[in-house]
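Start counting the sequence shown at 1; every next residue gets the next number (UniProt numbering). Where a beta carbon is used, it is the ideal one built from N, C-alpha and C, also for glycine.
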Amino acid sequence: MPDAVVNRRSRALRLPAWGLALGLATASLAQAQPGPVYRCPGKTGGADEFTNMLTDEEARARGCRTIDGAPITIVQGGRPRAPASNAGNANANAPRASEAKVDPAAQRQRDSDARRILEAELRKEEERLAQLKRDYNNGEPERRGDERNYQKYLDRTAELKAAITRSESDVAAIKRELAKITP
């Protein structure tokens, strides 16, 4: 028998063998795959439970529904940490009811000190704002001798304008803080 005939016959016999092997591998994979994924209602109104470890009868008995084609993401939550073992120290650091309240006279003194400090800051910031506005001269400040380059003059003008804006916002913030303090 010629060699070409033998090769054709062996090739013809090998193809069904490959097909059989492929079919067996697919069948074993299908058996290795878990069953359908079920969504079961949680116990006593809790979160739903997702599982693929139930039989059809168990799923029906628990009132579960199958989920087809929907991807499921499982996030493992960490366990809550146990409270500190020194429970007595936590209570020792907490202020007592009698210590929690401040004496009204001491609170009035604190408020008046805070008001005095804020008023001093407000005066200082308003003076600074007035000086910046004088220097800015409505967008045309006096040129200095070191500003022969016109760009340096424009840069200083822009810096003055930004400083005025900042100072105005500082004045407004101090006034808001003063309004919060009771007289």
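Helix, strand or coil for residue i? Go by DSSP, reduced to three states.
i      : result
Ile181 : coil
Ala49  : Sequence check: residue 49 is Glu here, not Ala. Glu49: strand per DSSP, three-state reduction.
Arg65  : strand
Val171 : helix
Arg110 : helix
Ile164 : helix
Arg176 : helix
Arg39  : strand
Arg143 : coil
Ala59  : helix
Gln151 : helix
Ile74  : coil
Ala82  : coil
Glu54  : For clarity, residue 54 is Leu in the given sequence; the question names Glu instead. Residue state, collapsed to three classes: coil.
Lys101 : coil
Assign residue i to one of two classes, buried (16 or more other C-beta atoms within 10 Å of its C-beta) or exposed (fewer than that).
i      : result
Tyr38  : buried
Ile174 : buried
Gln31  : The pLDDT assigned to Gln31 is 48, lower than 50, so where the model puts this residue is not dependable; a value taken from the coordinates is nonetheless given after this. With fewer than 16 Cβ atoms within 10 Å of its Cβ, Gln31 is classed as exposed.
Looking at residue i and the ligand COA, is the gap between the Cβ and the nearest heavy atom below 6 angstroms?
i      : result
Pro141 : No copy of the ligand COA occurs in the structure displayed, which carries no ligand at all.
Thinking C-alpha only, which one of the options is nearest residue i?
i      : options                          : result
Leu154 : Gly139, Val75 and Gln76          : Gly139
Arg128 : Lys43, Ile164 and Gln109         : Ile164
Lys43  : Leu132, Glu168, Cys64 and Lys133 : Cys64
Leu54  : Ala162, Arg123 and Thr66         : Thr66
Glu126 : Arg176, Pro36, Ala172 and Gln76  : Ala172
Give me, in chain order, the residues of the same chain whose beta-carbon lies closer than 6 angstroms to that of residue i; leave out the 5 immediate sequence neighbours on both sides.
i      : result
Ile181 : Asp111, Ala114 and Arg115
Asp170 : Glu125
Here's a check: name, in chain order, each residue in its chain whose Cβ is nearer than 8 angstroms to the Cβ of residue i, leaving out the five neighbours to either side.
i      : result
Asp146 : Lys152
Glu168 : Leu129
Leu178 : Arg115, Leu118, Glu119 and Leu122
Excluding the 5 residues preceding and the 5 following residue i in the sequence, name in chain order all residues of the same chain whose CB lies nearer than 7 angstroms to its CB.
i      : result
Glu49  : Cys40 and Gly42
Leu160 : Leu132, Asp135, Tyr136 and Pro141
Ala61  : none
Examine chain B for any beta-carbon lying closer than 7 angstroms to the beta-carbon of residue i, and answer yes or no.
i      : result
Arg156 : The structure shown has no chain B; it contains just one protein chain.
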